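Colleague: Take a look at this one; I'll ask things after.
Protein chains: 4
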Amino acid sequence: MATVTDQPQRRAPRPRADAVRNRERIVAAAVELIVEHGTELPLDEVARRAGVGNATLYRNFKDRGELMRHVVLTVTDRISAHAEQGLAAVEADEADSFGALRTFVHAAADERIGALCPILHATFEHAHPDVVAARDRLTVAVEGLIARARATGQLRSDVGVGDLMVALSQLTRPLPGTGCMDFDRFVHRHLQLFLDGLMTPARSELPGEAATLEALRQE
Amino acid sequence: MATVTDQPQRRAPRPRADAVRNRERIVAAAVELIVEHGTELPLDEVARRAGVGNATLYRNFKDRGELMRHVVLTVTDRISAHAEQGLAAVEADEADSFGALRTFVHAAADERIGALCPILHATFEHAHPDVVAARDRLTVAVEGLIARARATGQLRSDVGVGDLMVALSQLTRPLPGTGCMDFDRFVHRHLQLFLDGLMTPARSELPGEAATLEALRQE
Amino acid sequence: MATVTDQPQRRAPRPRADAVRNRERIVAAAVELIVEHGTELPLDEVARRAGVGNATLYRNFKDRGELMRHVVLTVTDRISAHAEQGLAAVEADEADSFGALRTFVHAAADERIGALCPILHATFEHAHPDVVAARDRLTVAVEGLIARARATGQLRSDVGVGDLMVALSQLTRPLPGTGCMDFDRFVHRHLQLFLDGLMTPARSELPGEAATLEALRQE
Amino acid sequence: MATVTDQPQRRAPRPRADAVRNRERIVAAAVELIVEHGTELPLDEVARRAGVGNATLYRNFKDRGELMRHVVLTVTDRISAHAEQGLAAVEADEADSFGALRTFVHAAADERIGALCPILHATFEHAHPDVVAARDRLTVAVEGLIARARATGQLRSDVGVGDLMVALSQLTRPLPGTGCMDFDRFVHRHLQLFLDGLMTPARSELPGEAATLEALRQE
DNA sequence: AATGAATGAGTATTCATTCAT
DNA sequence: CATGAATGAATACTCATTCAT
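Have a look at this one:
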């Protein structure tokens, strides 16, 4: 039915079928390599891993910063989707709100949120519109989860979204030079322990003030 | 002429007075820079910060690996001292055992345990005798603290020393390019939350198995 | 059906209508960019300025050298036309012969004789038949102008066609990175001064020997 | 007599005897290569020509721009010295003032003033204090020569220092890819002709306005 | 025939490490 | 001993040219 109207419109997007694939493969390879070797990885290595020439990488991403930004956007979007999904479940089904938070945290870890550490760099373009938008989307969704968990009295009231996201990023931050496999065994334990610490009743008083993701913008 | 008789007595202690100072300044500068800029920093920068020529650095430390090892040893030793001191206090005075653990964790953060991130690299010589010895010393002391806290029923029984140390290292791991100052504001909050999660009664079941520091030797 | 009979007639002129246009636009873009940014400009830039894909450029011009050659030929031909026109005027109308030389020099500058700077490169194919032919045509015409100006006693007798053409090229040679607009303000002054120096009576003795365009073939 | 006071002060400058030599050799090689191959020359080639490793070049000159700046400063200073020497001769000895200008122009050509074309680039750091100072020094000296030549009625009054310097630079601008040897044969002829055009009585009217070196600052 | 994409070879620059003073 | 300088081996990035659509 709708296909009739679709056909004439397809001319523009088509010729890039393989180019789009290359782009995706480059970002995927970059995520992998950031997880394995940290953010200082050689871009030629990314290109090789993606199975393309190095210049193809540069055709798609003007420089290292742009590639990093796309990695961040890609991973952030995936994680936002998890958060929104969890939030929808909680709102729709009256599900266990803290459980939704737990589920989200572990899912974010599996999505390699630790690879987002570049976003925490002072040198990273925190002000780029796309980055701001992605961060805002994630913040909104996670704040929703947090508000729900707080509303049901399961989450202590003195923690902010930044506390959760920064600790989550740090605890899952990849170990350079490793396949990460061994490390994964421990990470979910640490997350679980941290989540336990977020529950009510609060067992200690927190120093400082609640962090926000915006506050990480350096300078 | 009378001074001649003095000279032989000076042999042992004197010749290294400033050399020792140089060594210490180099390690101190390295710790600072690792905390500020991560482990990939230029060694010339370390030398400059230490106020010595770069060749002096290489005279004292054969290569980057050796310098990193000494950084790790220095920081580990300081942290071990804190752990042992806490343990002694607990054993002597029947003090609050979980409180001792808390005190130790925050002290380790202030001692820049985050500078131990080189130990997280696969390329680091985890098997070097000095490193093994330092790690063992720290492990013993922290295990003592853990045993005490467990004995008084305040620490949940399903966490190992590795869980504590790895999570502690990760949560305090510096963000490259950061003056770290802003970050410090949050770190103690995260540690406090994590510590809350370590208390009894356990609020969740932990996946995987307890980590040990030895297990961090990758590959 | 009747239209079928029309088709055979179209063979010769039609198939190249837009192709010819493309060729011209590419050369024009190249001239512009050489004037603005020197000869080291990226060919992709030329294609973009011409509004065609880069591959189209390569379909028309095998490589950089061939494009440069066509630029040189195009510009040279235009300048030859000016010279021949000036010569015709002088011969027909007994006009002011040195004035014709002046007019030619400024016209050549406006035709962007500075874009001939590729001809100044040692790597340029000075011996290519088309280049030789174009250069000979220009040389003949300019020599005619010079002969006339000399015959009327206005042009000093110790300067050759090469002196004129090389100095003219150099004085109008574009400065890379410049929009050239500002530079244009000065160029005609310098040309005027140089032309004044060509007039009789000679005010100095010239060192070396008269240059010829052929002598620019380096090595 | 003065040597007594000199001896104790010599300690500082000594240890760099060879380093200073390297620096000079790098600049000299850069001038040579700019003359031969233009400003886009590979820096590795400069290092090789200077007989040092490429990193030595970068130790001495942070980047391409800094090397270029020092080339410009070096050449400009040498040329300024010529101009000042000529000016001193004219002022002291009542020598032929236009002859002094001629002598200066040919000397500047031999000092490769044509290699200064980078100074005319829009991308060059025209505002750098050292460049400004060097340009001012040169401008002052040449303006002195011009004023003298004008005062004696030999130089036409409608040309500015910028007219002279830009035309001089352009006429002596090296031909990329050549040993320049052949070209040198012609350059002094063109300069001589241009200089003739500068003499009184003026043989034509000049369009536009007198250029200044400052006006070449792009944008 | 025309295009956008892909590629490899080249160039600038950085940094760990060694050498000469 | 301590130092500044020198070096070669990376790595990021550009561009002429070729390929697939």
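Residue numbers (the working numbering), protein chains in the order written: chain A, 77 to 295; chain B, 77 to 295; chain C, 77 to 295; chain D, 77 to 295.
Beta carbons are placed, not taken as given, at the ideal position from N, Cα and C, and that holds for glycine.
Please read all numbers here as calculations on a predicted model, not as lab measurements.
Taking C-alpha atoms, which residue in A/163, A/168 and A/191 lies nearest to residue 180 of chain A?
Modeller: Of the candidates A/163, A/168 and A/191, the one whose C-alpha sits nearest the C-alpha of residue 180 of chain A is A/163.
Colleague: For residue 173 of chain B, go through chain A and note every residue whose CB falls closer than 8 Å to its CB, in chain order.
Modeller: Chain A residues near residue 173 of chain B: none, gap ~15 Å exceeds 8 Å.
Colleague: Under 8 Å: do the segment 99-110 of chain C and the segment 225-245 of chain C share three or more Cβ pairs, one atom per stretch?
Modeller: The segment 99-110 of chain C, when compared against the segment 225-245 of chain C, does not touch it at the 8 Å Cβ threshold.
Colleague: Could you check how far apart the C-beta atoms of residue 177 of chain C and residue 231 of chain C are, in whole angstroms? I think they sit under 8 Å.
Modeller: 7 Å between Cβ atoms; contact.
Colleague: Any beta carbon of chain D sitting closer than 9 Å to that of residue 294 of chain C?
Modeller: With a pLDDT of 42 at residue 294 of chain C, under the threshold of 50, the modelled position of that residue is not reliable, and the figure given next carries that caveat. At least one chain D Cβ lies under 9 Å of residue 294 of chain C.
Colleague: Between residue 248 of chain C and residue 185 of chain C, which are expected to be in contact by the criterion C-beta below 8 Å, what is the C-beta distance as a whole number of angstroms?
Modeller: Right, the Cβ-Cβ distance comes to about 5 Å (below 8 Å), so this counts as a contact.
Colleague: Taking residue 270 of chain D as the query, report the chain C residues whose CB atoms sit under 7 Å from its CB, ordered along the chain.
Modeller: By Cβ distance, chain C contributes 269, 270 and 273.
Colleague: Evaluate residue 151 of chain D with the Cβ neighbour count: other Cβ atoms within 10 Å of its Cβ, from every protein chain shown; 16 or more gives buried, anything less gives exposed.
Modeller: With 16 or more other Cβ atoms within 10 Å, it is buried.
Colleague: CA-CA distance, residue 95 of chain C and residue 122 of chain C?
Modeller: Each residue's Cα considered, the two are about 16 Å apart.
Colleague: Of all the residues that make up the segment 113-136 of chain A, which are near chain B by a beta-carbon distance shorter than 9 Å?
Modeller: Per Cβ criterion, the list reads 114, 115 and 116.
Colleague: According to the Cβ coordinates, are residue 160 of chain B and residue 217 of chain B closer than 9 Å?
Modeller: Going by C-beta atoms, residue 160 of chain B is nearer than 9 Å to residue 217 of chain B.
Colleague: Determine the DSSP secondary structure at residue 251 of chain D, reduced to helix, strand or coil.
Modeller: In this structure, residue 251 of chain D counts as coil in the three-state DSSP scheme.
Colleague: Decide if residue 97 of chain C is buried, meaning its Cβ has at least 16 other Cβ atoms within 10 Å, or exposed.
Modeller: Classification for residue 97 of chain C: exposed.
Colleague: Measuring alpha carbon to alpha carbon, tell me which residue in B/224, B/133 and B/188 is nearest residue 172 of chain B.
Modeller: Comparing Cα-Cα distances from residue 172 of chain B to each of B/224, B/133 and B/188, the minimum goes to B/224.
Colleague: Is the segment 260-280 of chain A touching the segment 270-290 of chain B in the sense that three or more CB pairs, one from each, lie closer than 8 Å?
Modeller: Contact between the segment 270-290 of chain B and the segment 260-280 of chain A is present, because at least three Cβ pairs lie under 8 Å.
Colleague: By alpha-carbon positions, which one of C/191, C/134 and C/175 ends up nearest to residue 148 of chain C?
Modeller: Closest by alpha carbon: C/191.
Colleague: I'd like the list of long-range same chain contacts for residue 220 of chain C, defined as Cβ closer than 7 Å, with 5 residues on each side in sequence excluded.
Modeller: Excluding residues within five positions, the ones whose Cβ falls inside 7 Å are 163.
Colleague: Where does the unbroken alpha helix (DSSP H) through residue 173 of chain A begin, and where does it stop?
Modeller: From DSSP, the alpha helix (DSSP H) with residue 173 of chain A extends over 173-186.
Colleague: Going along the segment 207-218 of chain D in order, which residues come within less than 8 Å of chain C, judged by CB to CB distance?
Modeller: Flagged: no residues at all.
Colleague: Tell me whether the beta-carbon of residue 267 of chain A lies closer than 9 Å to the beta-carbon of residue 146 of chain A.
Modeller: Contact: no.
Colleague: So with CB distances below 7 Å, who are the chain D contacts of residue 279 of chain C?
Modeller: Going along chain D in sequence order, the residues near residue 279 of chain C (Cβ under 7 Å) are 272 and 275.
Colleague: Got a sec? Which residues, its chain only, sit under 8 Å from residue 133 of chain B by beta carbon, not counting five neighbours each side?
Modeller: Hits under 8 Å: 102, 119, 122, 123, 126 and 143.
Colleague: Hey, quick one: how far does the alpha helix (DSSP H) through residue 108 of chain A stretch, first residue to last?
Modeller: Element bounds for residue 108 of chain A: 93-113.
Colleague: Locate the alpha helix (DSSP H) running through residue 155 of chain C, then write down its first and last residues.
Modeller: Counting along the chain, the alpha helix (DSSP H) containing residue 155 of chain C begins and ends at 140-169.
Colleague: I'd like the span of the alpha helix (DSSP H) that includes residue 189 of chain C, first residue to last.
Modeller: Here residue 189 of chain C belongs to no alpha helix (DSSP H), and DSSP marks it neither H nor E.
Colleague: What's the C-alpha gap between residue 208 of chain D and residue 202 of chain D?
Modeller: Cα-Cα distance, rounded: 7 Å.
Colleague: Which term fits residue 287 of chain C, buried or exposed, when burial requires 16 or more other beta carbons within 10 angstroms of its beta carbon?
Modeller: Buried.
Colleague: Short check: CB of residue 156 of chain B to CB of residue 214 of chain B, under 9 Å?
Modeller: In this structure, residue 214 of chain B lies closer than 9 Å to residue 156 of chain B by Cβ.
Colleague: Quick check on the DSSP output: the alpha helix (DSSP H) that includes residue 120 of chain A runs from which residue to which?
Modeller: Per DSSP, residue 120 of chain A belongs to the alpha helix (DSSP H) from 119-126.
Colleague: Closest to residue 263 of chain C by CA distance: which of C/187, C/210 and C/154 is it?
Modeller: Checking every option, the nearest Cα to that of residue 263 of chain C belongs to C/187.
Colleague: When Cβ atoms are compared, which residues of the segment 217-242 of chain A fall closer than 8 Å to chain B?
Modeller: Per Cβ criterion, the list reads 235, 238, 239 and 242.
Colleague: Let me confirm a value: residue 131 of chain C is counted as buried when at least 16 other C-beta atoms fall within 10 Å, else exposed. Which label applies?
Modeller: So residue 131 of chain C ends up on the exposed side.
Colleague: Helix, strand or coil: how does DSSP classify residue 231 of chain B here?
Modeller: Note: residue 231 of chain B maps to strand in three-state DSSP.
Colleague: I want to verify the contact list: residues of chain C whose CB lies under 8 Å from the CB of residue 202 of chain D, in sequence order.
Modeller: Ordered by position in chain C, no residue passes the 8 Å Cβ test against residue 202 of chain D, which lies about 12 Å from the chain.
Colleague: Thinking residue 284 of chain B and residue 261 of chain A are a contact (beta carbons under 8 Å), I'd like their distance in whole angstroms, please.
Modeller: 5 Å between Cβ atoms; contact.
Colleague: Name the chain A residues whose beta carbon is nearer than 8 Å to that of residue 199 of chain B?
Modeller: Those are 253, listed as they occur along chain A.
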